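First comes the structure, then the notes that go with it.
There are 2 protein chains.
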Amino acid sequence: MADVAQAAGVSAQTVSRVLSGRGIVRDSTRAAVDDAVRRLGYQPNLAARTLATGRTRRLGIILTESTSTARIMVEAGAQAACRRLGYRLTSAVVSTTGIRSLRRAADQLRSDGVEGIIVAAPVTARDRWTPKGFPVVSLDDASAGSPEFVTDQRAIGRLATEHLLELGHRTVWCVCGPAQWPEAKARVEGWHAALTAAGVVVPEVLHGDWTPHEGYRMGRLLAEDPSVTGIFAASDELAIGAMHALWDAGRAVPDEVSVVGVDDIPIAAHLCPPLTTVRQPFARLTDAAVRLLVSKLEHRAASAGDDGLDTQLTRPSLIVRSSTAAPASGTDGTHRSRVAQVDASGAGGRRVR
Amino acid sequence: MADVAQAAGVSAQTVSRVLSGRGIVRDSTRAAVDDAVRRLGYQPNLAARTLATGRTRRLGIILTESTSTARIMVEAGAQAACRRLGYRLTSAVVSTTGIRSLRRAADQLRSDGVEGIIVAAPVTARDRWTPKGFPVVSLDDASAGSPEFVTDQRAIGRLATEHLLELGHRTVWCVCGPAQWPEAKARVEGWHAALTAAGVVVPEVLHGDWTPHEGYRMGRLLAEDPSVTGIFAASDELAIGAMHALWDAGRAVPDEVSVVGVDDIPIAAHLCPPLTTVRQPFARLTDAAVRLLVSKLEHRAASAGDDGLDTQLTRPSLIVRSSTAAPASGTDGTHRSRVAQVDASGAGGRRVR
DNA sequence: TATTCATGCCCGTACCGCTCC
DNA sequence: GGGAGCGGTACGGGCATGAAT
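As you go down the protein sequences, you meet chains F and C in turn. Numbering of the first sequence is given in this note's numbering, commencing with residue 50 and proceeding in unit increments. Numbering of the second sequence is given in this note's numbering, commencing with residue 50 and proceeding in unit increments.
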């Protein structure tokens with residue numbers, strides 16, 4: 050910075066003022082400094098700036114190890130939102146759902162100098178915990194009350210299940226991720242609530258991890274049971290695995306069995322058949338989460354109504370494609386009846402609610 | 050740090066020595082310091098350490114905006130490799146393939162204090178460029194010579210194409226990503242080479258972006274041509290879109306048309322039919338890239354043979370599943386003949402070469 | 001010789017002070 | 001007198017170095 054100052058014929062202080070935009074500088078002086086900066090290719094040293102201001106303009110996000118598309122979209126969304134607001138994002142990964150793992154992740158982020166943390170990993174109610182020392186926003190389920198930011202995961206289970214019931218299915222089976230995930234639990238609760246509200250039998254839930262593998266394993270189990278006609282898979286990856294198992298077993302989707310997924314990952318519209326799924330507005334969710342965190346950071350005296358989450362924006366929506374249909378009334382139904390009506394762009398699907 | 054020093058009854062300097070592990074400290078002193086650190090919950094300030102040492106232990110990676118699984122796996126792999134080596138990773142995103150965009154990304158990373166950069170975005174030969182001032186490792190194609198790190202993208206196109214030719218297809222059509230991507234170009238070259246080596250006609254290449262959408266669009270075009278029996282899609286996402294288009298058009302895979310993808314993304318084994326694809330060893334590639342970069346950083350006097358890339362490890366491999374078969378010899382072939390033989394784990398598939 | 005301490009410096013910014021009109 | 005415009009000094013929290021015990 051001293052070099053720039055010398056080249057511009059001013060003091061280092063003035064260079065700082067020009068670069069930070071704070072303070073009053075004559076236009077001609079500013080131009081001279083800008084010119085010198087360009088000529089010398091000067092770039093401020095962030096470490097020094099951080100040391101001096103005490104601010105890092107860096108946020109942290111705690112994620113799971115999983116390579117699921119949902120996780121990816123959350124990270125990408127947070128990354129983008131941070132960039133838009135002039136922040137950087139550091140991620141930390143937890144491999145287990147235990148509190149120790151979380152604490153370690155938070156410590157790692159703290160040492161990396163983050164000013165706030167977004168928790169996008171499962172936090173079981175028993176382990177309810179928030180890292181001390183900086184603001185936290187959670188993309189966790191609302192049930193525990195304390196987190197500031199929520200998606201209505203229960204609504205996801207409800208939407209999917211009601212859709213299948215409305216099509217005429219007697220009941221709906223559920224293929225889900227690990228029981229200790231709040232998302233999983235809440236989606237199961239929504240599914241359960243929809244079934245009991247309809248007064249139908251509630252089958253046992255199948256749990257696995259979130260991989261297509263496990264979807265396949267659980268799908269095989271369900272494929273053996275001829276009474277199964279409707280399946281709610283708690284993620285698109287699980288749904289894909291389950292559909293594969295059904296296909297292997299010779300049970301047609303949706304003619305014999307209907308399947309609903311969750312997430313609406315990019316390829317969901319291009320599966321055979323295109324997958325009916327519940328879309329989560331990841332981009333909006335992460336954007337809102339980051340905004341909330343930044344607003345906490347920048348004027349801790351909360352900006353009133355702005356802090357409250359617009360639940361309208363974060364509501365999940367059902368995307369109806371071709372993996373769901375009314376259950377076969379007769380005994381057969383093996384002909385490949387439905388050629389998808391998806392528009393050429395492929396992204397379509399009728400949007401409901 | 051001063052507080053810790055006082056609590057431990059030593060100087061700040063000694064605390065620094067204990068924490069950094071450099072310098073000689075009596076065991077009893079070390080214990081006292083460690084104890085004080087724990088009691089006070091002290092964590093060193095990275096910005097200050099960086100300012101003093103000039104080292105950030107942070108690497109950068111330049112990625113595209115795409116949300117393709119391949120990109121994700123590269124980032125995740127690099128992230129993991131960095132963590133293993135005690136480095137942090139910052140990512141920068143480019144939206145265009147132009148050199149300006151690259152330069153901006155590099156500047157952003159520079160200002161973030163990275164010590165080295167991994168380039169995992171397309172760099173066209175015309176724009177051949179390396180950011181000045183720090184070491185760079187590229188996950189780019191080898192053709193340009195200068196990058197230090199390569200995958201044999203040509204082999205990918207060759208493997209896929211030869212597989213289809215060996216099955217008896219007269220020729221192979223190609224569905225590819227943007228022509229300005231070196232990966233795309235190299236894969237097309239491999240495909241082209243395999244076709245000309247076999248002395249068969251070389252159809253025109255279809256180009257789009259890397260999304261399943263575009264795969265669908267291009268797939269529709271190919272589906273209209275009854276002479277098309279074998280398709281090489283340059284990514285699994287493209288393959289999925291193409292398969293969707295074929296399905297929409299009523300052309301069975303693999304009975305009427307065979308499809309080969311690239312990447313072996315997690316769901317590839319669970320598509321209907323399970324996708325034959327060329328696997329790239331992403332984890333190994335990124336791990337090797339990060340290691341090379343770090344070795345450059347830590348003892349610039351290259352560690353001899355270690356720097357040379359073990360091409361054995363980075364060789365792509367063909368995973369044969371059920372989306373490819375010999376072309377129908379008769380005029381028909383519409384019955385759904387093959388029930389997949391994939392093992393229950395679903396990850397399987399015969400591995401070739 | 002084995003440890004420990006004291007001082008300067010890394011590179012910015014905050015704060016205060018000084019000059020001018 | 002007051003404000004625009006700019007400079008000087010004192011840090012921030014560590015580490016390197018040489019001096020001191």
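Idealized CB from N, CA, C, for every residue including glycine. This one's a predicted model, so the numbers in the text were calculated from it and none came from an experiment.
For isoleucine 167(F), DSSP records a beta bridge to Ile110(F), Val186(F). Residue-level contact by beta carbon holds for tyrosine 265(F) and chain C, with a gap shorter than 7 Å. When beta bridges are read from the DSSP output, aspartate 312(C) appears opposite Arg328(C). If you draw a 10 Å sphere on the C-beta of aspartate 312(C), you find 16 or more other C-beta atoms in it, and that means buried. Here the segment 247-266 of chain C makes contact with the segment 283-295 of chain C; the two share three or more CB pairs at distances below 8 Å. Setting aside the 5 residues that flank it on each side, alanine 375(C) is surrounded in the same chain by Leu216, Gly217, each with a C-beta closer than 6 Å to its C-beta; the list follows chain order.
For the segment 287-306 of chain F, the beta-carbon criterion of a distance under 8 Å to any beta-carbon of chain C is satisfied by Ile289, Gly290, Met292, His293, Trp296, Asp297, Gly299.
Within chain C, the residues placing a beta-carbon under 9 Å from that of glutamine 92(F) are Asp156, Arg159, Ser160, ordered along the chain.
Arginine 149(F) and serine 344(F) have their C-alpha atoms roughly 29 Å apart. Within the same chain, Asp285, Glu286, Asp312, Ile314, Pro315 come within 8 Å of threonine 118(F) by CB-CB distance, once the 5 residues on both sides are set aside. Within the segment 250-323 of chain C, the complete beta strand (DSSP E) segments of 3 residues or longer fall at 279-282, 307-312, listed in chain order. Contact with chain C is absent for cysteine 225(F), since none of that chain's Cβ atoms lies less than 7 Å from the residue's Cβ.
Around the CB of glutamine 157(C), 16 or more other CB atoms lie within 10 Å, so the residue is classed as buried. Residue range 366-369 is occupied by the beta strand (DSSP E) that includes serine 366(F). Under the three-state reduction of DSSP, tryptophan 240(F) is assigned to helix.
Nearest CB-CB separation between proline 184(F) and chain C: not below the 7 Å threshold. Secondary structure of leucine 134(F) (DSSP, three-state): coil. At a cut-off of 7 Å between beta-carbon atoms, proline 330(C) makes no contact with chain F. Scanning Ala301(F), Ala97(F), Ala169(F) for the CA closest to the CA of glycine 162(C) turns up Ala97(F).
In the DSSP assignment, alanine 155(F) forms no beta bridge with any residue.
One finds nothing in chain F with a Cβ atom closer than 9 Å to the Cβ of isoleucine 111(C); even the nearest lies about 14 Å away.
At a Cβ-Cβ threshold of 7 Å, glycine 268(C) and tryptophan 240(C) do not count as neighbours.
Nothing from the segment 205-219 of chain C brings a Cβ to less than 7 Å from some Cβ of chain F. For valine 67(C), no beta strand (DSSP E) encloses it; the enclosing alpha helix (DSSP H) starts and ends at 61-69. The beta carbon of lysine 234(F) sits closer than 7 Å to the beta carbons of Ala228 from its chain, once the five residues preceding and following it are set aside; these are given in chain order. Look at leucine 100(C): its C-beta is under 7 Å from a C-beta on chain F. Alanine 228(F) carries a coil assignment under DSSP once its states are collapsed to helix, strand and coil. Rounded to the nearest angstrom, the gap between the Cα atoms of glutamate 238(F) and cysteine 223(F) is 11 Å. The secondary-structure analysis by DSSP pairs serine 115(F) with nothing; it has no beta-bridge partner.
For the segment 309-320 of chain C, the beta-carbon criterion of a distance under 8 Å to any beta-carbon of chain F is satisfied by Pro315, Ile316, Ala318, His319, Leu320. Around arginine 137(F), the beta-carbon contacts reaching into chain C at under 8 Å are Thr139, Asp161. Residues of chain C with a Cβ closer than 8 Å to the Cβ of leucine 334(F) do not exist, since the nearest Cβ in that chain sits about 16 Å away. For the pair of segments examined, the segment 138-154 of chain F was found not to touch the segment 71-86 of chain F: the number of CB pairs separated by less than 8 Å stays below three.
Annotation for isoleucine 205(C): the continuous alpha helix (DSSP H) segment containing it runs 202-215. When DSSP states are grouped into helix, strand and coil, serine 140(F) belongs to the strand group. An exposed status is given to glutamate 114(F), since fewer than 16 other beta-carbon atoms sit within 10 Å of its beta-carbon.
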